[in-house]
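Student:
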Amino acid sequence: MIKYLKYDKKEDIKIVKSKTDLNIQNKSNTEFIININRTYLNIERKCLIIQFIAKNISGESCKLYLYNRKKEIKQVICPDETMYMKESPRIYSFAISIPAHSACKIQDILVKENDFLDDQINEYFQSDTLIIAPGYPSFANKYFWAFVHSRAREYKKEGMDFDIAAVQHIANTTIYNFESIKVCKTDFLTLRNLLQLKHYKRIIVHFFMDEIGQILLATDLTNTRVYIYGHSGDLLYRDINILSTPYFSTPKPLSLDQESYSQWKDRMIQKFIKKPNVKFIFGTNWAKQRSQSENHLLYYNSDIIPCPVDEKIFNYKHKTSELRKNIVIIRKFDNINTYAIDIDVKIILELSKRAFFSDLNFTIYGDGDSHERLLSPIKHFKNVKIFKRFLSHEEMAKVHEQNGIALFATRYETQGIAAAEAAMSGLVVITNNVAAVPEVFDDNLGILCPKENYKAMADKVEYLYNHPEEFSTLSQKIHDCVVRTCGYKQTILKELNMFDQDDKVSIKNHVYKEQEENIILSIIVPAYNVERWLINSIHSVIDIEHSNKIEVLIINDGSKDKTESIGKSLQELTTVNGKSIVKLINKENGGHGSTINKGIELAKGKYIKMMDGDDYYDGECLDKLLLYLENEDSDIVLTDYVEDWAPSCRLVPVLNYEHLQPGEQYNIEDLCFEGYGFNRFGPILHTSTFKTQMLRDANFKISEHCFYVDMELNTFAFMASKTVTYYPLQLYIYFLGREGQSVSPESFKKNYKQHEHVTLKLVKAVEENKNISKLKKKCLFRNIILPMVETQYFICTEYLDDNKPFLYFDECLKSYRDIYNDPFIANERVSYHRRTKGKTITSKKYRRALSKFKIS
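Numbering (full-length UniProt numbering), first residue to last: 1 to 856.
1. Determine whether the beta carbon atoms of residue 45 and residue 90 lie at a separation below 8 Å.
2. Between the alpha carbons of residue 111 and residue 365, how many angstroms are there, rounded?
3. Check the DSSP bridge columns for residue 85 and list the partner residues they point to.
4. Do you know how far the Cα of residue 752 is from the Cα of residue 745?
5. When you compare the region 353–372 with the region 121–133, are there three or more beta-carbon pairs, one atom per stretch, that lie closer than 8 Å?
6. If you compare alpha carbons, which of 278, 25 and 698 is closest to residue 104?
7. Whose CA, out of 666, 579, 313 and 538, lies closest to the CA of residue 563?
8. Please classify residue 185 as buried or exposed, where buried requires at least 16 other C-beta atoms within 10 Å of its C-beta.
9. Return helix, strand or coil for residue 840, following the three-state DSSP convention.
10. Just to confirm my understanding: we take residue 448, look at its own chain, exclude 5 residues before and 5 after, and list those with CB closer than 7 Å. What are they?
11. Please report how far the alpha carbon of residue 417 lies from the alpha carbon of residue 248, in whole angstroms.
12. Hey, could you find the ends of the beta strand (DSSP E) residue 254 is sitting in?
13. One question on the structure: do residue 452 and residue 343 come within less than 8 Å of each other, judged by their Cβ atoms?
14. Mind checking who residue 610 pairs with in its DSSP beta bridge?
15. If you compare alpha carbons, which of 550, 534 and 634 is closest to residue 514?
16. Along the chain, which unbroken stretches of the alpha helix (DSSP H) at least 4 residues long are found entirely within the region 776–805?
17. With DSSP as the reference, identify every bridge partner of residue 654, one or two as the case may be.
18. Using DSSP with H/G/I as helix, E/B as strand and the rest coil, what is residue 851?
19. Should residue 255 go down as buried or exposed, given a rule of 16 or more other Cβ atoms within 10 Å for buried?
20. By DSSP, does residue 193 sit in helix, in strand, or in coil?
21. Could you tell me which residues DSSP puts in a beta bridge with residue 56?
22. For residue 628, which residues from the same chain have a beta carbon less than 6 Å from its beta carbon, with the 5 sequence-adjacent residues on both sides left out?
23. Taking the alpha carbon of residue 917 as the reference point, which residue from 35, 98 and 264 has its own alpha carbon closest?
24. In whole angstroms, what separates the C-alpha of residue 920 from that of residue 206?
25. Helix, strand or coil for residue 688, going by three-state DSSP, please let me know.
26. Could you check what DSSP says for residue 481 in three-state terms: helix, strand or coil?
27. Quick check: what's the CA-CA separation for residue 133 versus residue 165?
28. In terms of alpha-carbon separation, which member of 837, 731, 346 and 406 lies closest to residue 424?
29. If you draw a straight line from the alpha carbon of residue 647 to that of residue 217, how long is it in whole angstroms?
30. In this structure, how does DSSP classify residue 93 when only helix, strand and coil are distinguished?
31. Which partner residues does residue 508 have in the DSSP bridge list?
32. Residue 856 by DSSP, collapsed to three states: which one?
33. Mind reading off the beta-carbon distance from residue 287 to residue 82? Whole number of angstroms is fine, and I expect it under 8 Å.
34. Can you tell me which of the three DSSP states residue 389 falls into?
35. Identify the residues that DSSP records as bridge partners of residue 263: which are they?
36. In terms of residues, what are the limits of the beta strand (DSSP E) holding residue 584?
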């Protein structure tokens, strides 16, 4: 692609071409852009694989820009990065950016189009250890989550093999090398898909994001050790207002929404605490104790391992007494008062009133949105030098050499890495006796001052100024102290030993009890090619206290993958004294409905509940439900469910029955009045637990070889039921957003005849049933029948290109005039197509074909 380069010649731009590469040196003060004089077409919007083969020579990193037709930058790619772009413009082009005073070597830009990328991305993940973090350093940002890189670099030196996933809410995946460590920057869905296919021996999580918790709960971790490293707000979430309080203000109490979120996070963390293969790692004991006391948790399996301070980069060098006059501040200047830069400023103002002030030199490094405001009181001093920029570790080490004292006032620390780095270099750190600071710096050193007491901190500076002979000794003592608390032996070596020791001990699995004679609940699991999800799904229901009160019927519907072998292993795992909680039933493929029919036929439980093979349950809620069901007599027992949206990685509770009194038995007729009982499609399958005998007495059969049959079970069960009880348990976790699900537009289009069959079957069943009241029939029409009819019309008119399906369905429905003429059905869209005999439906395919050439 180099031959297509186009650029303006400039005196301060030096470009040397060879057969294999292009050397570019930008000596100017501005960015230099080289356009690629070629336009690319991606009419079908396939995934792109873009590889930027380049190398930085000096200065900042060059970048590859991807533009759309409007010359808007859609992606930025750094040297030696391979980007897997899921969504790209139909027409695009490239340009190369070389920053001011920088040089680089460009070899090539490779572009491929592809349909599927998961397999190629997964080729990167080949190790038995996975490190997950929200970010990782790159050429674009060398200091982003640098402490994770510090650990990874040491792991690699010790011969440990690992994969790294920097996971964020982004659209694309990028694989790159940073300082000889390969990194995959990707989205949550890609990570989830990976963990459903690949089983890791060890997963290390830095910063426990909600999304990562959601993914791990939906992942088979039975033989994986998980290490969760807490870093401030992820496990100290009730301190969020302290951690985000602006300067010159006080923390606000948690709002109702914040407390509600905190309670949700408590429950999530508690699920991981109960797992014997999960260990929580805290940087300090203070952070652990704070998380336990504020969140009312108890971390049974945990350890204290501080973040490491690199002893080679921050190498100790003897401090002469003269350096005590050089004082440095290295801080972020974001508007967060825990950094306490205002206290550092007050220290300098206090010292300015003392006789020796002119003999001191202050150097301040850092940047942030409050930089000007915070430093305005001291910027007029001649002996205060301000550099508005961040430092690399190497630059920081050089600054440490030139100074003797570091001011690190603070209001809150879970460890204090920057202060520890300064101390490792030999600076005398003056800081505050707050939070975790005393665990890093021994109080006997005499450098810890009371919180907010800037005068006491100024007194420390004055004491060192007046006692030069003590300064050098204290410098050595502080260095030695930090080596003991944050050096290699207390951090990296301790971690590696922990991994080795844990590997020698088998993971303690759940102990199953002998199944009781009187089974309370039969969980029917229709299973067809669900090897990716089945292990986690089943463990979510069997790894509970009262699993001996249930049976799990895996109805294998002729799967062609490993579903059968997984089912057998789960059956063997849960067999005690010849009785198995999990039972595998193999049958010829007959579709989802056939598995429901078989499950109802074989169930031995007092109640029946369904669970698709790719969904899962909340075990704690299931335990509670079982206790309720022991004394329950209602035909239908309702609970809540949660939508697990895989693409956006969101858990969305769905609460359809909040207006019902928990535990109270209702006559179902009383809930049939609009607004008093059920909403659209209610009571839906994910929320319903059915009395087994009621289903058998109803004597129905679900359609086989057919999608959308959940609506049949909903309808037939509702017609047969007389009583209902509700318990507010968010029990069922409904996995949504994966490819191939029956509710996707692609599936509706492909399987419209099956949806039509179910819809017409239910219309006939309800219309012709003489044993249900008019009130119940009206409720069924409102909540199930009419929505299904409307959906079928929508499929015919919006997803299909032929008018024949519309005309056929419309003709069939004429036999049911009340439904046919209902205003909800005979809406403007349907009425228009009825008048025109669906002729405009056929023309849609031509409009769609033309739209492919619409430029984005």
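Glycine is no exception: its CB is placed at the ideal position from the N, C-alpha and C atoms.
Tutor: Quick answer:
1. yes
2. 42 Å
3. 48
4. 10 Å
5. no
6. 25
7. 538
8. buried
9. helix
10. 431, 432, 433, 437, 438 and 441
11. 24 Å
12. No beta strand (DSSP E) contains residue 254, which DSSP labels as neither H nor E.
13. yes
14. 524
15. 550
16. 786–794
17. 641
18. In this prediction, residue 851 has a pLDDT of 49, which is less than 50 and means its spatial position is unreliable; nothing more can be read from the coordinates.
19. exposed
20. helix
21. 104
22. 727
23. The requested residue 917 does not occur in the structure, where the chain is confined to residues 1 to 856.
24. Since the first and last residues shown for the chain are 1 and 856, residue 920 lies out of range.
25. strand
26. helix
27. 7 Å
28. 406
29. 16 Å
30. strand
31. Residue 508 pairs with nothing; no bridge assigned.
32. Here residue 856 scores only 41 on pLDDT, less than 50, and its place in the model is too uncertain to base an answer on.
33. With a Cβ gap of about 37 Å, residue 287 and residue 82 do not count as contacting.
34. coil
35. None; residue 263 has no bridge partner.
36. 582–587
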